[in-house]
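Enquirer:
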Amino acid sequence: MEIRGVFDVDQCDALKPYFRYYNQQCRQVTSIAMVERTAFPMKTNVDLLECIYSQTRGARQGYGEAGCKVRPRSLALFGFAAAVLPALSQAHPHMRTQSKRGQSSWTQRSALASRYPMPALSTYTDSISEAKKAGEFRIAVSTDYVETAAEFARQQEPGIEFRIVPDYYVGKNGIGHVHLKQQVHGLDLWNGDFKINIGRDGGVFSHGSSFYTGELPPESSLAKRAFIGPVDALRSIIDTMEMDVEVNDATVKPQMGDVPEKYTIRGTTGARRDPEARLLYVHGDQGRVHLAWQLLLEIDFAWYTVFVDAETGEHVIAVVDSAYRADATYEVYPWGVNDPDDGERVVVKNPWLPSSSPYGWHSDGYDNFTTTRGNNGVTVQDLTAVHWNWSAWETAYRPQSPELRFEYPYDSSADNASDYRDASITQLFYTANMYHDVLYEMGFTEEAGNFQVNNGDRGGLGNDFLLMSTQDSLMSNNAVFVDAPEGESPIILMFLFNTLPEIRDSAFDIGIILHEYTHGLSLRLTGGPLNYGCLSSSEALGMSEGWSDFMPTAIRLKAGDTRETDYGTGSWVLGRPGGGRAYPYSTDMDTNPLTYQSVRNITEYPHSVGTVWATMLYDVMWNLIDDHGLNAEDPVPERDVNGVPTDGKFMAMQLVMDGMALQPCQPSLVAARDAIIDADRALTGGQNACALWQGFAKRGLGVGARPGVYVNDFEVPHDVCKRKC
Numbered sequence: 001m002e003i004r005g006v007f008d009v010d011q012c013d014a015l016k017p018y019f020r021y022y023n024q025q026c027r028q029v030t031s032i033a034m035v036e037r038t039a040f041p042m043k044t045n046v047d048l049l050e051c052i053y054s055q056t057r058g059a060r061q062g063y064g065e066a067g068c069k070v071r072p073r074s075l076a077l078f079g080f081a082a083a084v085l086p087a088l089s090q091a092h093p094h095m096r097t098q099s100k101r102g103q104s105s106w107t108q109r110s111a112l113a114s115r116y117p118m119p120a121l122s123t124y125t126d127s128i129s130e131a132k133k134a135g136e137f138r139i140a141v142s143t144d145y146v147e148t149a150a151e152f153a154r155q156q157e158p159g160i161e162f163r164i165v166p167d168y169y170v171g172k173n174g175i176g177h178v179h180l181k182q183q184v185h186g187l188d189l190w191n192g193d194f195k196i197n198i199g200r201d202g203g204v205f206s207h208g209s210s211f212y213t214g215e216l217p218p219e220s221s222l223a224k225r226a227f228i229g230p231v232d233a234l235r236s237i238i239d240t241m242e243m244d245v246e247v248n249d250a251t252v253k254p255q256m257g258d259v260p261e262k263y264t265i266r267g268t269t270g271a272r273r274d275p276e277a278r279l280l281y282v283h284g285d286q287g288r289v290h291l292a293w294q295l296l297l298e299i300d301f302a303w304y305t306v307f308v309d310a311e312t313g314e315h316v317i318a319v320v321d322s323a324y325r326a327d328a329t330y331e332v333y334p335w336g337v338n339d340p341d342d343g344e345r346v347v348v349k350n351p352w353l354p355s356s357s358p359y360g361w362h363s364d365g366y367d368n369f370t371t372t373r374g375n376n377g378v379t380v381q382d383l384t385a386v387h388w389n390w391s392a393w394e395t396a397y398r399p400q401s402p403e404l405r406f407e408y409p410y411d412s413s414a415d416n417a418s419d420y421r422d423a424s425i426t427q428l429f430y431t432a433n434m435y436h437d438v439l440y441e442m443g444f445t446e447e448a449g450n451f452q453v454n455n456g457d458r459g460g461l462g463n464d465f466l467l468m469s470t471q472d473s474l475m476s477n478n479a480v481f482v483d484a485p486e487g488e489s490p491i492i493l494m495f496l497f498n499t500l501p502e503i504r505d506s507a508f509d510i511g512i513i514l515h516e517y518t519h520g521l522s523l524r525l526t527g528g529p530l531n532y533g534c535l536s537s538s539e540a541l542g543m544s545e546g547w548s549d550f551m552p553t554a555i556r557l558k559a560g561d562t563r564e565t566d567y568g569t570g571s572w573v574l575g576r577p578g579g580g581r582a583y584p585y586s587t588d589m590d591t592n593p594l595t596y597q598s599v600r601n602i603t604e605y606p607h608s609v610g611t612v613w614a615t616m617l618y619d620v621m622w623n624l625i626d627d628h629g630l631n632a633e634d635p636v637p638e639r640d641v642n643g644v645p646t647d648g649k650f651m652a653m654q655l656v657m658d659g660m661a662l663q664p665c666q667p668s669l670v671a672a673r674d675a676i677i678d679a680d681r682a683l684t685g686g687q688n689a690c691a692l693w694q695g696f697a698k699r700g701l702g703v704g705a706r707p708g709v710y711v712n713d714f715e716v717p718h719d720v721c722k723r724k725c
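In terms of the UniProt record's numbering, the sequence shown is residues 1 to 725.
#1: Report the option in 454, 499, 508, 505 whose CA atom is closest to the CA atom of residue 489.
#2: Under three-state DSSP, which class holds residue 277?
#3: What do you get for residue 710, buried or exposed, if any count of 16 or more other CB atoms within 10 angstroms of its CB means buried?
#4: Which first and last residues belong to the alpha helix (DSSP H) in which residue 510 is found?
#5: Which residue or residues does DSSP assign as beta-bridge partners of residue 494?
#6: Which residue marks the beginning of the alpha helix (DSSP H) containing residue 546, and which one marks its end?
#7: Consult DSSP for residue 676 and reduce its assignment to one of helix, strand or coil.
#8: Starting from residue 293, follow its DSSP beta bridges and name the residues at the other end.
#9: For residue 493 and residue 265, I'd like the C-alpha separation in whole angstroms.
#10: Measure the C-alpha to C-alpha separation of residue 423 and residue 347 and round it to an integer number of angstroms.
#11: Could you spell out the range, first to last residue, of the alpha helix (DSSP H) harbouring residue 659?
#12: Taking contact to mean at least 3 C-beta pairs separated by less than 8 Å, is the region 405 to 423 in contact with the region 460 to 467?
#13: Whose CA, out of 401, 524, 608, lies closest to the CA of residue 539?
#14: With DSSP run on the structure shown, which of helix, strand or coil describes residue 153?
#15: Which residue or residues does DSSP assign as beta-bridge partners of residue 176?
#16: Residue 718 to residue 440, Cα distance in whole Å?
#17: For residue 251, report the span of its beta strand (DSSP E) as first-last.
#18: Which of the three DSSP states is assigned to residue 284 in this structure?
#19: Quick one: residues in its chain with C-beta nearer than 7 Å to the C-beta of residue 309, no 5 flanking neighbours on either side, listed in chain order?
#20: Answer with buried or exposed for residue 458, where buried requires no fewer than 16 other C-beta atoms within 10 angstroms of its C-beta.
#21: Take the Cβ of residue 577 as the centre, count every other Cβ of all protein chains shown within 10 Å, and call the residue buried at 16 or more, exposed below.
#22: Among residues of its own chain, excluding the 5 on either side of residue 37, which ones have a beta-carbon nearer than 6 Å to its beta-carbon?
#23: Start and end of the alpha helix (DSSP H) containing residue 609?
#24: Would you mind sorting residue 649 into buried or exposed? The rule is 16 or more other CB atoms within 10 Å of its CB.
#25: Can you tell me whether residue 215 is buried or exposed? The criterion is at least 16 other CB atoms within 10 Å of its CB, across all chains shown.
#26: In whole angstroms, what separates the C-alpha of residue 690 from that of residue 364?
#27: Which value, in whole angstroms, describes the spacing of the CA atoms of residue 340 and residue 568?
#28: On the three-pair Cβ rule with 8 Å, is the region 542 to 555 touching the region 603 to 620?
#29: For residue 644, which three-state DSSP category applies?
#30: Do the region 248 to 258 and the region 228 to 240 make contact, defined as three or more Cβ pairs closer than 8 Å?
#31: Let's test the definition: count the other Cβ atoms within 10 Å of the Cβ of residue 209 and tell me whether it reaches 16, buried, or not, exposed.
#32: Can you give me the Cβ contacts of residue 297 inside the same chain, cut-off strictly under 6 Å, excluding the 5 residues immediately before and after it?
#33: Going by DSSP in three states, residue 714 sits in which element: helix, strand or coil?
#34: Which ranges does the alpha helix (DSSP H) cover as unbroken runs of at least 4 residues, wholly within the region 565 to 607, from first to last along the chain?
#35: Please state whether the Cβ-Cβ distance between residue 481 and residue 516 is less than 8 Å.
#36: Where does residue 656 land, buried or exposed, given buried means 16+ other C-beta within 10 angstroms?
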């Protein structure tokens, strides 16, 4: 194993403790002049060294034969790759792949719960329909809107026993809201409800009902106490739901109050609090009313309301799984705000997309977490402080919040970045999870090789969530993505920038996070998730940098932007409006003159090639926006009936991603162009061919451009456009 990286002298020496099983060699490779052209801020009196760490024979078991030159990938934001981590195949956490009896996971319990849905039984009469039949019931309008509602129920459902639920109120719109609960033999019918809304005029405005009007069970079972007890009911539920709860020493204590037949079950193990049991009736899915035990259980931060037949104990009637109802809040720069100069921090609540993150952001389907950890990734402070030992990453700092309230102060002028480490960790966690969800909606799913612990039954290998470190101490003024094959976790390292009077934390420059994450996207989609290393040629590696600039640039577009709007990469952390590339991204040839031919003169790979490629994509995107408009408000695209994005920004992002999946390993710029055009043909039948070709041809990647021959061609195919580029 050989690990390389280009650093200054101090950084090279500082790396030694992290590679204790490697011999270190350092040699001078370049002068500071090259550094200045790469937008990687460094002192001008420091030479660069290439640090080479060669594995000592026999020092690390499992790394292969001594002398093997396998090199894991590491992609840095600005010009130089940080030292690559030791082989990751030895370094991912063990995750449970199946569950034994008594150790059922949260996701498995949710799957079991879904087999016992509470039937949907209610009807609703809207205000227009109610007005049309207002004369059907003669109600003496009372000044007491609650009594008006009760009288309406008596007339509409004569003979039905009910009680008034004491949660009635009048809303700001003047509508009174009254809830009635049906009762059978003095016990509540749990899903027998009547909701009546009283208008400003005192009459019935609208109403909805799930009152049961069929044959009721006789009172004999209740009167004779011919039913099982609460503990036996709980035992039945544990068996059915495969819950890791023990009731051998359980005792029952009646609860005092107005609710009859309500008990606390004490002495159980495995539940977060004592389960509660209540005897009532429930309308099941077979059209009949059952005497049932309702049990409330809290397990692994999920609430379950389970109804079991009280007469036999052998029939689970329904399960209400509230596992998805745990709210989480994050104080962050929200999606679409790129950095502190671009907007304000806000508190966002439950921002995940359920279709993309069905377990939310704080569960992997096996376990629930009260920190910045979940199915899609974990975020810590200063991973390198634990010496790259994967099994030790859990000792790295991250905030704990039992209430899932990740709201922490951030002061960019603080002398010590650790003062706001919780805010930094939260921002990185939020942004990466949002990007996971957005990319998932656009096709970066389990089968495509996305980063998740638990893929369920959706394909892919799983066990490869992102490990993310903010305020990492390995180095400064950069950010790094460390790739790994499908089934093993990649790593994102975010460093502090110290080139300005105040320290700037790269976790608050959202485009940098998205840049690093997009490396993982392009590496997994190109050639397939199991085909590791498909972007290692000079052009392919350069385009990887280009995609990583393009995607965050597209995401940050604002509603008022036009094709005259220019954007830089890393502008905030560097304190440079133009960002860290040779030119800002612009459709103006005077502002950004890069063309295909510019690649011929590039000596600094891969970022300069990436700037050329991202510039082309920026032009292409604006052609599509001109044709389809700009959706800058939504995190995911609106789609037509055929699943096609309806605006130009998301159209461009979708075609770029689809092109990654179509293109071959080690693609050239020409091949990547053709793959995007093919992606449009597959998605829309080629409706955007003219806009695409014109965008590429404007920058010299026209129909006559040839791979590896960096000569501009500005022509578009004669049959795709009626007007010249």
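We put the beta carbon where it would ideally sit given N, CA and C, even for glycine.
Expert: Quick answer:
#1: 454
#2: strand
#3: buried
#4: 510 to 525
#5: 479
#6: 538 to 555
#7: Residue state, collapsed to three classes: helix.
#8: Answer is 279, 308.
#9: 48 Å
#10: Their backbone Cα atoms lie some 12 Å apart in a straight line.
#11: 648 to 662
#12: no
#13: 608
#14: helix
#15: 170, 198
#16: 37 Å
#17: Per DSSP, residue 251 belongs to the beta strand (DSSP E) from 251 to 254.
#18: coil
#19: These residues qualify, in order along the chain: 290, 292, 315, 317.
#20: exposed
#21: Exposed is the call here.
#22: Confidence is the limiting factor: at residue 37 the pLDDT is only 23, short of 50, which leaves the residue's position unreliable, though a coordinate-based value still follows. Excluding sequence neighbours, residue 37 sits near nothing in its chain.
#23: 607 to 628
#24: buried
#25: exposed
#26: 44 Å
#27: 15 Å
#28: These segments touch.
#29: coil
#30: yes
#31: buried
#32: 271, 275, 304
#33: coil
#34: 571 to 574
#35: yes
#36: buried
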